[in-house]
Amino acid sequence: MNMKSTLLAALLCFSTVCANAQRPSVIPLPQSLQWNTDQFALEKCRAIVITHPSLKKEAVHLQQMIAEKAHTVSIVEASAAEKLSITLKLDTVKAGRLAAEAYRLEVSRNAIILTANTPHGIFNGLQTLSQLTDGNGFVQGCRITDYPAFAWRGYMVDVGRNYQSPALLKQQIDIMARYKLNVFHFHLTEDVAWRLQIKKYPQLTAAKNMLRNKGSFYGIDQMKELIRYCKDRYIMLVPEIDMPGHSKAFTRAMGVDMQSPRGVGIITDIIREVCSTYDISYLHIGADEVKITNEQFLPEITRIIREYKKEVVGWAPGGNYDDRTIHQLWKPEDVKGGTRYIDSRFLYISDFDPLNSVVTIFNRQMGGKSYGDSSLLGAEFCLWNDRKVRQESDLITMNPVYPAMLAFSERSWRGEGYPGVVFSIGPDSADRAQAFTQFEKRLTDHKRKYFTTLPFVYVKQTHIKWNLFGPFDNNGDLSASYWPEMKTASPQDSTPAVQATGGTVWLWHTHGPPVKAWLPTPEENTTWYAYTRFWSDADAVMQMWLNFKDLSRSGADATPPKGEWDYMKSRLWINGEVIAPPQWAHPGRSSGRLEEPMTDEGFYYRPPRAVKVQKGWNTVLVKLPMSAFDPDLDWQVPPKWMFTVIPVRRGKGINWYADEIRFQPGKAGK
């Protein structure tokens with residue numbers, strides 16, 4: 014090969030690499046995606062062509078999107094596509110499943126054609142189209158055929174315990190729509206408060222009968238508006254009126270137990286009013302965590318709901334349901350053949366730290382299946398912030414709502430996943446680790462592009478590597494020291510028992526054997542150490558997220574004592590210097606105080622720690638003692654064997670980012 018040919022080949026290779034690097038990140042990733050080298054310029058778009066008048070709403074949505082990037086284009090009806098136009102048309106799109114939501118998107122230099130079987134499919138395609146558009150108004154050329162793996166892709170908010178304004182709810186609904194979620198589960202009633210106006214019984218929403226956010230509820234017009242807002246985005250709002258459990262607010266207001274004869278009469282009136290007032294297809298009745306004293310309660314309630322042609326959903330394990338009731342699983346339970354169900358097991362994000370929420374949801378095989386069927390409708394992730402919050406924005410900053418939503422979008426739309434529940438990225442050689450690394454790149458791209466003004470508490474972590482040493486039998490003495498901290502041997506030159514990846518590393522998970530973390534055979538009353546090194550180009554002060562136990566927002570956990578990171582005597586050294594824990598706002602606060610909000614217990618809602626680092630390699634040593642695994646010693650203080658160490662920097666907007674700092678633990682990390 015002559016020099017000219019060699020140079021040409023090199024340039025072509027370079028061009029291909031650059032083109033690949035510039036390809037937009039799409040979430041959820043379509044079922045079939047083929048890129049080409051074309052680009053469609055929105056500024057040259059002459060018209061939006063619709064082939065059926067039913068697509069006018071979607072055309073207006075597209076018109077607004079183009080106006081933000083380029084200019085206002087007209088909408089015209091025609092029977093065929095036109096040059097330099099974007100055409101929306103109803104036609105047959107073959108799909109592996111759920112054809113009503115399927116779409117085909119073709120982008121070339123001269124035209125964009127979006128085809129679907131229904132307007133809903135067109136809407137889904139428009140969400141993808143918006144992600145293909147760069148900041149200069151160019152749409153990347155491609156051919157996509159896409160459809161969901163699961164029919165039910167839901168998100169639940171608990172407003173019974175902590176009220177959320179319609180504005181905050183709509184913010185979350187907008188993000189749901191952008192990422193193709195289609196069920197908004199609205200948990201409206203709790204022991205704390207009843208939040209839905211009932212005309213016949215105004216005392217239910219009287220301020221004196223609420224324990225938090227007194228006087229805050231959703232009026233009839235507000236509820237209708239939320240339902241309409243969801244429908245406009247092809248999202249189904251499913252209201253939940255919890256019965257007969259979680260109903261102390263009902264009892265305070267009405268003076269009777271819900272399962273009593275008088276209580277049954279009142280709840281019957283309520284159901285009839287709700288079913289006749291609102292344009293809903295499903296009504297969730299809760300029905301878990303309660304002793305059923307009236308065996309006819311749920312059968313009678315179910316019968317009345319079905320009079321109005323509504324489907325009934327209930328939590329499972331739960332009440333005495335009939336075979337037609339849809340079960341929403343909240344913990345492991347055998348499902349009878351023929352029963353329809355929704356999977357929410359290990360999908361409570363109020364129990365998750367922000368980094369492993371994304372890891373575990375991305376890896377999840379929803380319902381233990383690759384895609385839905387006549388029994389498995391889909392899945393739903395839930396925000397159960399049992400604890401009182403200072404302000405409603407804490408619900409979004411103290412819980413990984415948007416990172417979890419994007420991971421859930423990917424998995425519930427794409428399907429597949431990996432069996433079991435994992436709280437580890439996995440070895441570098443594992444397929445799931447490689448798949449997660451690719452997803453993380455798309456996720457952080459979306460964070461930078463779309464979430465500069467919204468809380469997004471996930472940062473890149475796949476570059477952070479650790480060597481774990483142990484187990485050391487501590488015989489219940491959490492203060493006992495062993496060679497990694499005594500400097501009798503060098504962790505850098507020693508062979509680890511386990512190699513781990515991540516900014517947050519779980520050694521063992523609270524729920525035990527169903528959940529796989531980094532330790533293959535964790536043992537009680539042992540101590541482990543984690544060691545790594547990271548590189549700095551200069552002496553500097555670096556901001557770092559540092560933490561040990563992540564307190565759940567769905568419980569009433571105890572705050573660490575003064576001068577301690579946690580109750581397990583965990584320790585952290587950087588370059589041999591002990592890193593002291595924060596000066597807690599509420600040190601040693603006991604468990605059981607649900608009415609006292611969290612303030613600084615989590616690393617992602619307190620300021621990062623400023624740490625002096627040196628030019629060259631910097632060492633990190635983490636000590637992780639553990640006593641008993643038994644969470645029943647105090648069910649509100651579940652043990653969590655974990656730690657977080659992440660160098661971060663402030664990026665554009667309100668969020669923190671993790672730079673691509675080089676990590677190398679040592680001998681096994683080479």
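The working numbering applies: residue 14 is where the sequence shown begins, and numbers increase by one.
Quick reminder that beta carbons are idealized off the backbone N, C-alpha and C, glycines included.
It should be emphasised that the depicted structure is a prediction, and the values quoted were computed from it without experimental measurement.
To which residues of the same chain is residue i closer than 7 angstroms at the C-beta, ignoring the five residues directly before and after it?
{"i": "Tyr-670", "result": "Val-472, Val-661, Arg-662 and Gly-664"}
{"i": "Leu-419", "result": "Ile-40, Tyr-192, Leu-456 and His-459"}
{"i": "Glu-673", "result": "His-476"}
{"i": "Pro-678", "result": "Lys-478, Trp-479, Asn-480, Tyr-544, Thr-545 and Arg-546"}
{"i": "Ile-318", "result": "Ile-284, Cys-288, Leu-296 and Val-325"}
Relative to the C-alpha of residue i, which candidate in the options has its C-alpha closest?
{"i": "Thr-315", "options": "Cys-288, His-599 and Arg-174", "result": "Cys-288"}
{"i": "Val-633", "options": "Pro-504, Val-650 and Thr-105", "result": "Pro-504"}
{"i": "Gln-47", "options": "Arg-59, Ser-87 and Glu-119", "result": "Glu-119"}
{"i": "Tyr-176", "options": "Pro-610, Asn-226 and Tyr-291", "result": "Asn-226"}
{"i": "Phe-547", "options": "Ile-477, Met-256, Ala-569 and Val-277", "result": "Ile-477"}
{"i": "Arg-275", "options": "Asn-487, Asn-307, Gln-210 and Glu-302", "result": "Asn-307"}
{"i": "Leu-103", "options": "Tyr-116, Glu-95 and Tyr-291", "result": "Tyr-116"}
{"i": "Asp-147", "options": "Ser-178, Glu-90, Tyr-160 and Ala-83", "result": "Ala-83"}
{"i": "Met-271", "options": "Val-624, Gly-629, Ala-623 and Phe-310", "result": "Phe-310"}
{"i": "Val-86", "options": "Leu-97, Arg-59 and Arg-110", "result": "Arg-59"}
{"i": "Val-303", "options": "Tyr-334, Ser-507 and Pro-257", "result": "Pro-257"}
{"i": "Arg-156", "options": "Asn-560, Ala-598, Tyr-580 and Leu-42", "result": "Leu-42"}
{"i": "Gln-556", "options": "Leu-145, Pro-621, Pro-600 and Ser-260", "result": "Pro-621"}
{"i": "Asp-386", "options": "Arg-110, Ala-448 and Met-78", "result": "Arg-110"}
{"i": "Trp-558", "options": "Lys-57, Gly-331, Ser-507 and Tyr-618", "result": "Tyr-618"}
{"i": "Asp-441", "options": "Gln-474, Ala-417, Pro-432 and Ile-248", "result": "Gln-474"}
Tell me which residues share the same chain as residue i and place their Cβ nearer than 6 angstroms to its Cβ, disregarding the 5 neighbours each side in the sequence.
{"i": "Arg-166", "result": "Leu-194, Asn-195, Gly-391 and Ser-425"}
{"i": "Arg-455", "result": "Ser-38 and Ile-40"}
{"i": "Ile-409", "result": "Pro-468"}
{"i": "Phe-343", "result": "At residue 343 the sequence reads Trp, which differs from the Phe that was named. If we look at Trp-343 and ignore the five residues flanking it on each side, its Cβ neighbours are Trp-328 and Ser-357."}
{"i": "Ala-502", "result": "Trp-496"}
{"i": "Glu-429", "result": "Ser-383"}
{"i": "Thr-100", "result": "Val-62, Ala-94 and Ile-126"}
{"i": "Ala-553", "result": "Val-626"}
{"i": "Gly-568", "result": "Gln-649"}
{"i": "Glu-90", "result": "Ile-63"}
I'd like the list of long-range same chain contacts for residue i, defined as Cβ closer than 8 angstroms, with 5 residues on each side in sequence excluded.
{"i": "His-74", "result": "Phe-136 and Leu-139"}
{"i": "Ala-34", "result": "Low per-residue confidence applies at Ala-34: pLDDT is 48, beneath 50, and the placement is therefore not dependable, though the value from the model is reported in the following sentence. Excluding sequence neighbours, Ala-34 sits near nothing in its chain."}
{"i": "Asn-668", "result": "Lys-460, Phe-464, Thr-465, Pro-468, Phe-469 and Val-470"}
{"i": "Trp-207", "result": "Gly-173, Leu-201, Leu-217, Thr-218, Asn-222, Met-223, Phe-230, Ala-262, Phe-263 and Ala-266"}
{"i": "Arg-122", "result": "Asp-51, Gln-52, Phe-53 and Gly-154"}
{"i": "Gly-666", "result": "Phe-464, Thr-465 and Thr-466"}
{"i": "Gly-5", "result": "The shown model of the chain, from 14 to 683, leaves out residue 5, and the question about it has no answer."}
Answer yes or no: the CB of residue i versus the heavy atoms of the ligand NAD, is any distance below 8 angstroms?
{"i": "Gly-428", "result": "Absence of the ligand NAD is noted for the structure shown, with no ligands found whatsoever."}
For the beta strand (DSSP E) that contains residue i, what are its first and last residues?
{"i": "Arg-52", "result": "The amino acid occupying residue 52 in the given sequence is Gln; Arg does not appear at that position. Segment 45-54, the beta strand (DSSP E) holding Gln-52."}
{"i": "Tyr-495", "result": "Neither: Tyr-495 is in no beta strand (DSSP E) and is coded neither H nor E."}
{"i": "Gly-278", "result": "Unbroken run through Gly-278 is the alpha helix (DSSP H), 274-290; no beta strand (DSSP E)."}
{"i": "Gly-483", "result": "478-486"}
{"i": "Glu-324", "result": "324-329"}
{"i": "Trp-521", "result": "517-521"}
Just reading off the alpha helix (DSSP H) that residue i is part of, what are its end residues?
{"i": "Leu-419", "result": "414-427"}
{"i": "Leu-194", "result": "First-last for Leu-194: undefined, no H or E at that position."}
{"i": "Lys-562", "result": "First-last for Lys-562: undefined, no H or E at that position."}
{"i": "Thr-514", "result": "Counting along the chain, Thr-514 falls outside any alpha helix (DSSP H), though it belongs to the beta strand (DSSP E) covering 511-514."}
{"i": "His-459", "result": "444-463"}
{"i": "Asp-171", "result": "Here Asp-171 belongs to no alpha helix (DSSP H); instead the beta strand (DSSP E) covers 165-171."}
{"i": "Asp-245", "result": "233-245"}
{"i": "Glu-313", "result": "310-320"}
{"i": "Ala-262", "result": "261-267"}
{"i": "Gln-689", "result": "What the structure shows of the chain is the stretch from 14 to 683, and residue 689 is not part of that stretch, so it cannot be assessed."}
{"i": "Gln-35", "result": "16-35"}
Flag residue i as yes if its beta-carbon sits less than 9 angstroms from any beta-carbon of chain D, otherwise no.
{"i": "Gly-601", "result": "In the displayed structure, chain D is absent; only one protein chain is listed."}
Inter-stretch contact (C-beta, 8 angstroms, three-pair minimum) for the region 508-518 and the region 641-660 | A contact between stretches requires three or more CB pairs, one per stretch, nearer than 8 angstroms, and the region 508-518 meets this requirement with the region 641-660.
How do the region 348-364 and the region 139-156 stand: do at least 3 beta-carbon pairs fall below 8 angstroms, yes or no?
-> no
Alpha helix (DSSP H) runs contained entirely in the region 334-418, provided each spans 4 or more residues | 367-376 and 407-410
Spell out a yes or no on whether the region 593-611 and the region 573-580 are touching, meaning 3 or more CB-CB pairs, one atom from each, closer than 8 angstroms.
-> yes
Do the region 625-643 and the region 482-500 make contact, defined as three or more Cβ pairs closer than 8 angstroms?
-> yes
Residue ranges of each beta strand (DSSP E) run of no fewer than 3 residues wholly in the region 62-140, ordered along the chain?
-> List check, beta strand (DSSP E) in window: 87-90, 98-103, 116-120 and 124-129.
Would you be able to state if there are at least three C-beta pairs under 8 angstroms between the region 522-537 and the region 429-439?
-> yes
Which ranges would you report for the beta strand (DSSP E) in the region 578-631 if only whole runs of at least 3 residues count?
-> List check, beta strand (DSSP E) in window: 584-587 and 622-626.
Are the region 400-407 and the region 330-348 touching, with three or more C-beta to C-beta distances below 8 angstroms?
-> no
May I ask you to verify whether the region 609-621 touches the region 525-537, counting CB pairs closer than 8 angstroms and requiring at least 3?
-> no
Cβ contact (3+ pairs, closer than 8 angstroms) linking the region 365-379 and the region 344-353 = Not touching, per the Cβ criterion.
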